[in-house]
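Numbering (UniProt numbering), first residue to last: 1 to 432.
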């Protein structure tokens, strides 16, 4: 996928269009947060393997040959092979359960990070396309504002206009230019963020409007279902937090079983002794080949450090559980806030659309009268000045529709993210 995208950019030149699906897919492959979460999963898996492998015997190979004077103080082994392993302890199974819960938490955290990357990438992409449309609307407004300034200046020169009208028209043009600069800066920032998420060149990233699907439709029944799923703790972020708390709890259980309980280990050793240290002169029954094996049973009666470690682990487990509860409550509050805001945003979007339709209708009426159609009796005749003002107003209302639509989409995707459904939405996008 990365090679294909790179080839497409090379062939297309300075600019290339990338679909929403391709952008999100590339972000899931190359995002730094996804790579870090993947590394956390690998580390947790290695920790689980390490906890299990204490039961597998280890083998060490060495040699301790050297000169000695007088009575030998060491074993002159040419070859020494040692092996040891854990056979039984009351704590180890809890440590394995702790490592397994940590691994499950890392997997859930990876899924949660992937969903956040999908949301961030999709919103940045959609906002970039909205800003493109706003730039087009501003250019149309600026064209009308330039004509309006020219008309007002002509009226002033003819002695029928005022200086304030000219300054007002110029002010509108200046405000439009300033707004355009702000939007351009915002687009550059969005391109940089998308470049960091996807690894694609920022300067050549152009959206494909047709790749952006309509906003998800949330009726009241579906919102209730999503809220219920949240209350059932079905989101990966909350489940990851509780898995982390469970991992700390198992760790605390294991540490609590370190004292007053036996620990059994196995050990074995083979050594090939040498005669260069005159071992045979000091020991009556010297032999070259020597082997020993046995069990080591330890019963910790008192260890202050282990007792302190138990208290520390118990406190960490309590804190992790409280953090999981806090995240659950915050997520529940967030989803309720998003769910309630959808109705308000929907109403705002409807108001913006009606205002835009009204402005379009007023513009059509102005154009109709300017084209010589019937004029309302008693009404003052319209001029090109009113036409440009109507065009500016219609485009301004259109911008408000764009903003309201994006805020609605932002809330809808945020609700999908909060309830764990954003990645399913991503899978429904049109593939290139």
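All residues carry an ideal CB built from backbone N, CA and C; glycine is no exception.
Exposure of residue i, with buried meaning 16 or more beta-carbon neighbours within 10 Å
{"i": "residue 356", "result": "buried"}
{"i": "residue 6", "result": "Residue placement at residue 6 is flagged as unreliable, the pLDDT there being 47, under the threshold of 50; the coordinate-derived value follows with that caveat. Its Cβ having fewer than 16 others within 10 Å, residue 6 is exposed."}
{"i": "residue 298", "result": "exposed"}
{"i": "residue 291", "result": "exposed"}
{"i": "residue 335", "result": "buried"}
{"i": "residue 438", "result": "Absent from the structure is residue 438, since the part of the chain shown begins at 1 and ends at 432."}
{"i": "residue 330", "result": "exposed"}
{"i": "residue 36", "result": "exposed"}
{"i": "residue 212", "result": "buried"}
{"i": "residue 160", "result": "exposed"}
{"i": "residue 350", "result": "exposed"}
{"i": "residue 98", "result": "buried"}
{"i": "residue 63", "result": "exposed"}
{"i": "residue 49", "result": "exposed"}
{"i": "residue 422", "result": "buried"}
{"i": "residue 246", "result": "buried"}
{"i": "residue 188", "result": "exposed"}
{"i": "residue 388", "result": "buried"}
{"i": "residue 308", "result": "exposed"}
{"i": "residue 427", "result": "exposed"}
{"i": "residue 415", "result": "buried"}
{"i": "residue 409", "result": "buried"}
{"i": "residue 302", "result": "exposed"}
Where residue i falls: helix, strand or coil (DSSP)
{"i": "residue 290", "result": "strand"}
{"i": "residue 383", "result": "coil"}
{"i": "residue 369", "result": "helix"}
{"i": "residue 206", "result": "strand"}
{"i": "residue 160", "result": "coil"}
{"i": "residue 153", "result": "helix"}
{"i": "residue 258", "result": "coil"}
{"i": "residue 418", "result": "helix"}
{"i": "residue 18", "result": "strand"}
{"i": "residue 253", "result": "helix"}
{"i": "residue 235", "result": "coil"}
{"i": "residue 303", "result": "coil"}
{"i": "residue 335", "result": "helix"}
{"i": "residue 200", "result": "coil"}
{"i": "residue 355", "result": "helix"}
{"i": "residue 143", "result": "helix"}
{"i": "residue 184", "result": "helix"}
{"i": "residue 75", "result": "coil"}
{"i": "residue 275", "result": "coil"}
{"i": "residue 66", "result": "coil"}
{"i": "residue 248", "result": "helix"}
{"i": "residue 31", "result": "coil"}
{"i": "residue 217", "result": "coil"}
{"i": "residue 126", "result": "helix"}
{"i": "residue 135", "result": "helix"}
{"i": "residue 56", "result": "coil"}
{"i": "residue 96", "result": "helix"}
Proximal residues to residue i (C-beta, below 7 Å), its chain only, five neighbours per side dropped
{"i": "residue 169", "result": "145, 148, 149 and 152"}
{"i": "residue 173", "result": "142, 145, 146 and 149"}
{"i": "residue 27", "result": "117, 121, 197 and 198"}
{"i": "residue 55", "result": "85 and 86"}
Contacting residues, own chain, Cβ-Cβ under 6 Å from residue i (five flanking each side not counted)
{"i": "residue 44", "result": "102, 103 and 106"}
{"i": "residue 111", "result": "236"}
{"i": "residue 248", "result": "316, 317 and 320"}
{"i": "residue 202", "result": "191, 192 and 195"}
{"i": "residue 57", "result": "83 and 85"}
{"i": "residue 88", "result": "264"}
{"i": "residue 310", "result": "255 and 256"}
{"i": "residue 90", "result": "257 and 261"}
{"i": "residue 252", "result": "313, 314 and 317"}
{"i": "residue 155", "result": "161"}
{"i": "residue 306", "result": "258 and 259"}
In DSSP terms, what residue i is bridged to
{"i": "residue 264", "result": "88 and 297"}
{"i": "residue 81", "result": "61 and 270"}
{"i": "residue 409", "result": "Its beta-bridge partners do not exist; DSSP assigns none."}
{"i": "residue 429", "result": "None, per the DSSP bridge assignment."}
Below-8 Å beta-carbon distance, residue i vs any chain D residue
{"i": "residue 93", "result": "Looking at the structure shown, chain D is missing, and only one protein chain is on hand."}
Residues near residue i by beta carbon distance below 8 Å, same chain, minus five either side
{"i": "residue 139", "result": "180"}
{"i": "residue 411", "result": "338, 341, 342 and 345"}
{"i": "residue 293", "result": "266, 267, 268 and 269"}
{"i": "residue 183", "result": "131, 134, 135 and 138"}
{"i": "residue 59", "result": "81, 82 and 83"}
{"i": "residue 176", "result": "138, 141, 142 and 145"}
{"i": "residue 108", "result": "236, 237, 239, 240 and 243"}
{"i": "residue 384", "result": "147, 151 and 370"}
{"i": "residue 165", "result": "152, 155 and 156"}
Exercise for review: Determine contact between the stretch 395-410 and the stretch 345-356, defined as no fewer than three beta-carbon pairs at a distance below 8 Å.
Suggested key: With three or more CB-CB distances shorter than 8 Å, the stretch 395-410 counts as touching the stretch 345-356.
(request) Specify whether the stretch 258-273 and the stretch 316-335 touch according to this definition: at least 3 beta carbon pairs, one from each stretch, less than 8 Å apart. (result) In short, these stretches do not touch, since the Cβ pair count stays below three.
_Sufficient close CB pairs (3 or more, under 8 Å) joining the stretch 113-132 to the stretch 187-207_ = yes
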